[in-house]
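Visitor:
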Amino acid sequence: RGDASVCAEIQRLADAGLEPWTQVCTRLSDYQALARDLPPHDFYARILGPFGGRRAFLGRLGSEVSDILDEFLTFALAHEQSGLPGLQSFITMLEQESPEVKREQDKERSEVRVMTVHASKGLEAPIVFLVDDGSKAFNHSHLPKFRMIPSEDGSMEFPIWAPVKEVDNALVSADVARRKQATEEEYRRLLYVGMTRAADRLVVCGYRGKTPQSEIWHEMVTTSLALDENKCRRQQFSGPEGEWEGLLWQITGTQTRFERHVAQNTSKTPEPLPDALLRPAPPPPRLPRPLSPSGAGLAVDDAEGDVMLASPLFDKGQNAGLALQRGRLVHRMLQMLPGLPAAERMTAAQRYGERAARFWPAHERQQLVTSVLDILAHPLLSDVFNHPAQAELSIMGTIRLGREMRAVSGRIDRMAVTDEKVILLDYKTNRQPPQRPEDVPFAHTAQLAIYRELLTALYPGKPIECMLVYTEGPHVVHLTEEGMRHALQALQPVA
């Protein structure tokens with residue numbers, strides 16, 4: 174996204190036949206074509222990959238830029254999954270929120286790190302050079318001419334314009350003195366931060382101008398160290414620029430003797446250990462074997478692998494990729510559309526289908542929207558969609574199958590609790606739905622039977638009605654009490 178005048182100027186130079194600008198114009202045109210079709214993460218991944226963006230960053234900024242680029246792509250993917258769709262939304266978010274990427278400094282790398290004292294907080298190095306630029310902490314020329322100053326009682330602020338010192342008054346002078354004191358305190362605090370970054374050796378040096386300054390880091394350290402005559406001495410130092418005289422302050426080695434304490438022998442007869450420590454630990458309680466219902470069938474996890482019940486979800490010859498997408502979109506639309514007014518559901522469904530299934534054939538996309546709206550308008554499902562309900566409800570618990578306790582972890586597509594009953598709904602996207610209740614696959618019946626068994630204790634005195642909704646048609650099947658009881662019995666292990 175660039176300025177229109179800049180783009181027009183680039184196009185004019187490219188039309189004139191100038192080779193560098195022709196390449197730039199071609200590259201921008203390719204970027205515009207990608208931005209129209211790709212989400213933010215895919216767009217920037219294509220630029221950094223096939224278009225050579227990562228190679229250019231590495232050549233300009235070094236290998237450390239890879240961490241920043243990877244973090245940027247991760248951030249783009251997170252926004253794509255949770256934020257508004259489109260590249261424009263992503264760029265607007267970057268402009269408004271200005272996210273920062275903090276990178277941990279690697280202490281093990283053999284390199285010199287150059288940074289400000291502010292950036293060195295929390296870090297440590299064996300040898301630290303603290304370089305002083307030789308300027309005073311506070312300079313009147315750095316004060317803004319137009320600024321806000323507090324009133325005498327400090328209850329409010331008001332603006333002033335002080336272009337030259339001659340127009341200062343008592344109130345302005347007090348504000349200048351306050352700012353100077355705060356700046357000098359921060360200056361001394363940063364000196365402490367810089368000095369405490371060194372683990373073994375600290376070298377304080379700097380630049381000295383024509384007019385020596387007294388209240389600078391180098392002079393503060395020199396004055397303080399000179400007071401310690403026992404540990405500080407003058408010494409000649411040499412370097413690439415010649416020799417100079419400086420101060421060396423170091424802690425000499427100490428040899429401290431500690432008194433040796435000989436423990437007196439006050440042995441006593443040890444008490445006997447408790448009997449519980451001499452007995453083997455009891456075996457841990459056996460955990461319930463997991464039983465995992467799922468929308469594609471029923472998978473019973475068994476340690477020996479001798480129990481596996483499954484039912485096919487798709488017909489032979491059906492495109493499994495498109496069918497899986499269809500099932501996911503149907504669940505998503507049936508989760509969100511019941512919360513909208515009935516007059517807005519068709520428009521919202523079409524808008525969502527055009528965005529989420531934009532690469533589908535037009536008739537498949539229209540069939541998706543029509544099937545979802547038919548389900549919402551089905552007369553047998555009015556109690557579920559017209560009452561407050563919970564969609565995509567995750568449940569966990571244990572049920573007893575025969576003599577064994579089994580752990581259950583599953584998800585109910587929709588559950589509605591009315592004054593008279595509890596209704597469980599499960600959506601199935603089989604292309605050929607069963608025409609009779611006895612033709613329902615065993616896995617579909619067992620799935621809802623397990624959910625009903627788990628919820629019975631939570632709603633005592635209320636019948637739990639289970640329904641399967643086959644989206645093709647749509648076709649609604651009420652599961653009978655006898656059918657669900659037989660499904661639970663069939664799951665019980667053989668004695």
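Numbering-wise (my numbering), the sequence shown opens with residue 174 and increments by one. Every residue, glycine too, gets a C-beta built ideally from N, C-alpha and C.
Cβ of E237 within 9 Å of Cβ of P212?
Guide: In the sequence shown, counting from the first residue as 1, residue 237 sits at position 64. In the sequence shown, counting from the first residue as 1, residue 212 sits at position 39. No. Outside cutoff.
Visitor: May I have a chain-ordered list of the beta strand (DSSP E) segments no shorter than 3 residues that lie completely inside the segment 574-598?
Guide: 577-590
Visitor: Once DSSP output is grouped into helix, strand and coil, what is the label at A298?
Guide: For the purposes of this step, residue 298 is taken as the residue at position 125 of the sequence shown. Correct three-state label for A298: strand.
Visitor: Hey, quick one: how far does the alpha helix (DSSP H) through P213 stretch, first residue to last?
Guide: If you number the sequence shown from 1, residue 213 lands on position 40. Taken as a continuous stretch (DSSP letters only), the alpha helix (DSSP H) holding P213 covers 213-221.
Visitor: Identify, in the order they occur along the chain, each residue of the same chain with its Cβ nearer than 6 Å to the Cβ of A660, setting aside the five sequence neighbours on each side.
Guide: Position 487 of the sequence shown, counted from the start, is the residue given in the question as residue 660. Closer than 6 Å at the Cβ level, and outside the excluded window around A660, lie T618, A619, A622.
Visitor: I need the DSSP call for L344, collapsed to helix, strand or coil.
Guide: The residue labelled residue 344 in the question sits at position 171 within the sequence shown. In the structure shown, L344 sits in a helix (DSSP, three-state: H, G or I).
Visitor: Would DSSP call R407 helix, strand or coil?
Guide: The sequence position of residue 407 within the sequence shown is 234, counting from 1. Reduced to three states, the DSSP call for R407 is strand.
Visitor: Starting from R370, trace the beta strand (DSSP E) in both directions and tell me its first and last residue.
Guide: Within the sequence shown, residue 370 is the residue found at index 197, counting from 1. No residue range can be given for R370, since it is assigned to no beta strand (DSSP E) and is classified by DSSP as neither H nor E.
Visitor: Report the three-state DSSP secondary structure of I424 (helix, strand or coil).
Guide: For the purposes of this step, residue 424 is identified with residue 251 of the sequence shown, where counting begins at 1. In the structure shown, I424 sits in coil (DSSP, three-state: anything other than H, G, I, E or B).
Visitor: Does the Cβ-Cβ distance between I596 and C639 come in under 9 Å?
Guide: Against the sequence shown, residue 596 aligns to sequence position 423. Against the sequence shown, residue 639 aligns to sequence position 466. The answer is yes: Cβ separation under 9 Å.
Visitor: Excluding sequence positions up to five away, which residues of its chain have a Cβ less than 6 Å from the Cβ of L513?
Guide: Numbered from its first residue, the sequence shown carries residue 513 at position 340. Only residues of its own chain outside the window of five on either side were considered, and among them A521 have a CB closer than 6 Å to the CB of L513, listed in chain order.
Visitor: By how many angstroms is the C-alpha of F263 removed from the C-alpha of S239?
Guide: The sequence position of residue 239 within the sequence shown is 66, counting from 1. The sequence position of residue 263 within the sequence shown is 90, counting from 1. Within the model, the alpha-carbon separation for S239 versus F263 is close to 21 Å.
Visitor: Nearest to M393 by CA position, among Q498, C378, I568, E402, is which residue?
Guide: Translated into the one-based positions of the sequence shown, residue 393 becomes position 220. When only C-alpha atoms are compared, the closest one is C378.
Visitor: In the DSSP assignment, the beta strand (DSSP E) including V557 goes from what residue to what residue?
Guide: Locating residue 557 in the sequence shown gives position 384, counting from the first residue. No beta strand (DSSP E) holds V557; the alpha helix (DSSP H) holding it covers 555-558.
Visitor: Pick out whichever of R576, S582, V337 has its Cα sitting closest to the Cα of P317.
Guide: In the sequence shown, residue 317 corresponds to position 144, counting from 1. The option with the nearest alpha carbon to P317 is V337.
Visitor: Buried or exposed for Q354, going by 16 or more other Cβ atoms inside 10 Å?
Guide: As a working note, residue 354 is residue 181 in the sequence shown. Exposed: under 16 other Cβ atoms inside 10 Å.
Visitor: Look at the alpha carbon of T396 and the alpha carbon of E402, and state the distance between them as a whole number of angstroms.
Guide: Here residue 396 is taken as the residue at index 223 of the sequence shown, counted from 1. Here residue 402 is taken as the residue at index 229 of the sequence shown, counted from 1. Between T396 and E402, the C-alpha separation is close to 12 Å.
Visitor: Report yes if the CB atom of K404 is closer than 9 Å to the CB atom of Q386, and no otherwise.
Guide: For this step, residue 404 is matched to residue 231 along the sequence shown. For this step, residue 386 is matched to residue 213 along the sequence shown. No; because the gap between Cβ atoms is not below 9 Å, this pair is not in contact.
Visitor: Beta strand (DSSP E) containing F319: first to last residue?
Guide: In the sequence shown, counting from the first residue as 1, residue 319 sits at position 146. Per DSSP, F319 belongs to the beta strand (DSSP E) from 319-323.
Visitor: Touching or not, the segment 559-569 and the segment 647-654, by the rule of three or more beta carbon pairs under 8 Å?
Guide: no
Visitor: Quick one: which unbroken beta strand (DSSP E) runs of 3-plus residues sit fully inside the segment 614-654? Chain order, please.
Guide: 637-643, 648-651
Visitor: Beta strand (DSSP E) containing I389: first to last residue?
Guide: Residue numbering aside, residue 389 sits at position 216 when the sequence shown is read from its first letter. Counting along the chain, I389 falls outside any beta strand (DSSP E), and DSSP gives it neither H nor E.
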